[in-house]
Amino acid sequence: MRDVEGALRFTSRERWRKWLEKNHATKIAALLVIYKRPPKNERLPSRHAREEALCFGWIDGWYKRLDDERWLIRYSPRRKGSNWSKYNIARAWKLMNEGKMTSAGIARLPPDVLRVWERHRPPVVITDRGGGINPQWEIRFSDGKDYLSKIKMPALAP
């Protein structure tokens, strides 16, 4: 089996996400080794790698075959104004609904997707249950800057 210098290998989705949390704003790319059929020792499937990359505004680029079992995939930050496939838009909606999308990922979404979100997002209702409303919640929701990471809604079909 051929090895590639500098390629990253992760045994779980969580480890790839931790790497992205730490490096998404400073690195220009990541080469990731992905198994075509992940073995039972929980290698990272390409679908999960792609979803985590979308959460941080990154996208899979080229794929290079390493051998019969593995691919080398280049991930990099999405360029502003880049085209989004229907698949990736639907996946981003799902990730927002699950609360996994980060502000970096949301910033890379096409403007028309965000306009649809604005029109169809459910209203925010904060209920006071006798203890008073947390002031941080009031600020966060009233200025609208962080609502996408807090509001849940069903994923929209592309």
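In the working numbering, the protein residues as written are 3 to 160. For each residue, glycine too, the CB sits at the ideal point set by N, CA and C. Computed from a predicted model, the values in this text were never measured in an experiment.
From what residue to what residue does the beta strand (DSSP E) around R45 run?
From DSSP, R45 is part of no beta strand (DSSP E); its letter is neither H nor E.
Can you grab the Cα-Cα spacing for the pair A92 / S78, in whole Å?
20 Å
Answer yes or no: do G63 and R110 have a C-beta to C-beta separation smaller than 7 Å?
no
Assign R19 to buried or exposed, taking buried as 16 or more other Cβ atoms, counted over all protein chains shown, within 10 Å of its Cβ.
buried
Can you determine whether any heavy atom of the ligand SAH sits closer than 6 Å to the C-beta of S105, and answer yes or no?
Absence of the ligand SAH is noted for the structure shown, with no ligands found whatsoever.
Outcome for T104 when other beta-carbon atoms lying within 10 angstroms are tallied against a minimum of 16:
buried
Contact set for E53: own chain, Cβ-Cβ below 7 Å, skip 5 residues either direction:
R93 and L97
For a minimum of 3 consecutive residues, which ranges assigned as the beta strand (DSSP E) are wholly contained in the stretch 80 to 115?
none
Where N90 and G101 are concerned, what is the direct C-alpha to C-alpha distance, given to the nearest angstrom?
16 Å
Neighbour-count burial assignment, I75, 16 or more Cβ in a 10 Å radius:
buried
Taking C-alpha atoms, which residue in A32, R80 and W73 lies nearest to R39?
W73
In whole angstroms, what separates the C-alpha of Y37 from that of G83?
31 Å
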